[in-house]
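There are 2 protein chains.
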Amino acid sequence: MSSTQSDRTEVRRLPDRGHYDRPTIDAILDEGFLCHLATVENGAPVVIPTLYARDGDHVLFHGSAAARSLRSARNQDVCLTVTLVDGFVLARSGMHHSMNYRSVVVMGRPELVEGDEKVRALDHIVERLVPGRVEQLAPRPMTDKEIRATTVLRLPLAEASAKVRQGGPVDDDEDYALPIWAGVLPVSIDYGTPITDPAMTMEMDVPANIADYRRPTA
Amino acid sequence: MSSTQSDRTEVRRLPDRGHYDRPTIDAILDEGFLCHLATVENGAPVVIPTLYARDGDHVLFHGSAAARSLRSARNQDVCLTVTLVDGFVLARSGMHHSMNYRSVVVMGRPELVEGDEKVRALDHIVERLVPGRVEQLAPRPMTDKEIRATTVLRLPLAEASAKVRQGGPVDDDEDYALPIWAGVLPVSIDYGTPITDPAMTMEMDVPANIADYRRPTA
């Protein structure tokens with residue numbers, strides 16, 4: 001079954017915007033790199049930003065083995081949300097102002113990734129953030145101590161939904177004649193000119209995968 | 219007291235990155251526009267993206283009065299997180315790869331905003347997203363029906379913390395001599411060329427506040 005729909009990930013508000021197919025979900029997850037991860041601590045929700053990478057049917061994330069959020073994420077259901085903002089929708093009424101965006105919500109219980117899988121997962125997270133980076137790091141392999149100091153978790157994509165809003169403003173019929181500019185202001189992420197670490201001890205060109213960085217798009 | 223520190227918003231992991239002063243917190247909240255809002259539903263966390271606007275000592279957010287997330291947010295503690303990504307930190311080891319970012323976490327119980335305050339709050343949310351927009355919408359005032367259909371909540375900034383990571387990679391001493399390019403890839407938000415709604419019934423220039431859009435920076 002390719003659907004990821006469940007009762008709790010169902011998009012109830014504006015259900016037209018809901019998507020449950022893996023191609024839609026995967027494309028959003030692969031274009032993004034930052035998620036907001038929510039856990040419950042002492043009865044109250046806590047949401048923190050963290051890097052992630054999709055790996056097949058899972059979303060990987062990691063952090064210091066000492067981090068409170070990762071410790072608590074291992075023993076409870078979490079919610080992991082990724083949001084890509086595509087534009088501000090400026091309508092003719094305040095009410096119809098909106099945002100163009102693509103978001104994914106994944107719910108479930110994370111599993112600990114260990115052993116050889118853990119090393120592969122850490123490389124995968126780096127490689128998904130900057131394709132080609134793992135090869136560039138070959139002169140400096142991960143150490144056992146570093147691997148032990150890091151916790152890697154993976155959340156299955158079994159319960160997930162995407163929500164997408166695209167296109168121009170949708171106004172009330174009688175408002176189209178009003179003298180108000182309406183349209184969309186596109187919003188995207190810009191990757192700037194790389195800043196070489198002044199502590200570099202040798203002359204090296206900025207590698208092309210960093211100088212010409214871009215995220216995968218569907 | 220200007221500090222917003224509390225036990226549960228204290229930055230425990232890498233405490234040097236924690237800030238509890240309102241100028242730091244306010245600057246991040248004012249530059250951002252999208253938050254991730256977490257509630258607890260049936261014992262599990264749920265985190266959704268939504269627009270917000272700081273209004274003095276509160277963060278305002280809103281949505282359809284019919285939305286599940288807003289209904290549940292009124293009667294429980296929530297966590298509202300804003301993250302601005304400033305760069306990818308590409309170090310000489312996978313371990314020291316990092317992200318430059320500024321984030322704010324606010325916890326607390328949202329209060330319902332009603333009456334005249336509600337109308338003012340809705341205008342404030344539009345105006346913080348696009349300064350000057352409320353005046354442009356003057357020919358089309360909000361209707362009572364629209365106001366009733368919208369729920370506005372405000373979360374006090376009493377319990378909040380900021381976390382900031384800036385600067386270049388910090389590598390292990392022995393790694394600086396390795397032949398690995400290291401540095402920072404700057405990341406920022408780009409606001410593109412406005413797309414006028416083809417359904418516009420009259421010729422109008424794109425207003426300057428939209429054509430030259432930028433977020434306030436500290």
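Order-wise, the sequence lines are chains A and B.
According to the working numbering, the residues represented by the first sequence are 1 to 218, in order.
According to the working numbering, the residues represented by the second sequence are 219 to 436, in order.
Don't be surprised by glycine CBs; every beta carbon is placed ideally from N, CA and C.
Mapping the DSSP letters down to three states, classify residue i as helix, strand or coil.
i	result
D16/A	helix
R128/A	helix
L355/B	coil
A309/B	coil
E31/A	helix
L227/A	For residue 227/A there is no data in the structure shown, the boundaries of chain A being 1 and 218.
E377/B	strand
E174/A	helix
R366/B	helix
R22/A	helix
E117/A	helix
T83/A	strand
I398/B	coil
V229/B	coil
E203/A	coil
R383/B	strand
R192/B	Because chain B here runs from 219 to 436, residue 192/B falls outside it and cannot be looked at.
If you draw a straight line from the C-alpha of residue i to the C-alpha of residue j, how long is it?
i	j	result
A429/B	I413/B	10 Å
R125/A	L60/A	Reading the sequence as shown, one finds Ile at residue 125/A and not Arg. Rounded to the nearest angstrom, the two C-alpha atoms are 7 Å apart.
S282/B	T368/B	5 Å
S224/B	R13/A	34 Å
M219/B	P241/B	The predicted model places M219/B with a pLDDT of 39, which falls under 50 and marks its position as unreliable; any figure quoted below should be read in that light. Using only the alpha carbons, I get a separation of about 13 Å.
L155/A	R292/B	29 Å
Q76/A	P15/A	28 Å
P349/B	R148/A	49 Å
A218/A	D334/B	45 Å
S69/A	Y176/A	49 Å
E228/B	E203/A	42 Å
R226/B	V296/B	12 Å
Would you call the CB atoms of residue i and residue j closer than 8 Å?
i	j	result
L371/B	L330/B	yes
V82/A	G32/A	yes
L157/A	D57/A	yes
R327/B	V382/B	no
S406/B	G18/A	no
G312/B	V402/B	no
P434/B	Q354/B	no
E119/A	M142/A	For the sequence presented, residue 119/A should be read as Val rather than Glu. Result yes, Cβ atoms of V119/A and M142/A sit closer than 8 Å.
A285/B	M200/A	no
M107/A	E159/A	yes
V40/A	V258/B	yes
Just checking my contact of residue i with residue j at CB under 8 Å: how many whole Å lie between their CB atoms?
i	j	result
L347/B	P139/A	Wrong, their Cβ atoms sit about 47 Å apart, outside the cutoff.
S379/B	Y238/B	6 Å
C253/B	L298/B	5 Å
A256/B	P267/B	With 8 Å as the limit, A256/B and P267/B do not qualify as a contact, their Cβ atoms being about 11 Å apart.
H280/B	V388/B	Wrong, their Cβ atoms sit about 41 Å apart, outside the cutoff.
T222/B	I243/B	6 Å
Q166/A	N209/A	Not really, about 30 Å apart at Cβ, beyond 8 Å.
R310/B	I398/B	5 Å
D190/A	D408/B	4 Å
Go to residue i, then tell me how far its beta strand (DSSP E) extends in each direction, as first and last residue.
i	result
L60/A	58-64
T257/B	252-259
A271/B	262-273
S188/A	183-191
Please list the terminal residues of the continuous alpha helix (DSSP H) segment that includes residue i.
i	result
S316/B	Counting along the chain, S316/B falls outside any alpha helix (DSSP H), though it belongs to the beta strand (DSSP E) covering 316-326.
I428/B	426-429
A73/A	68-73
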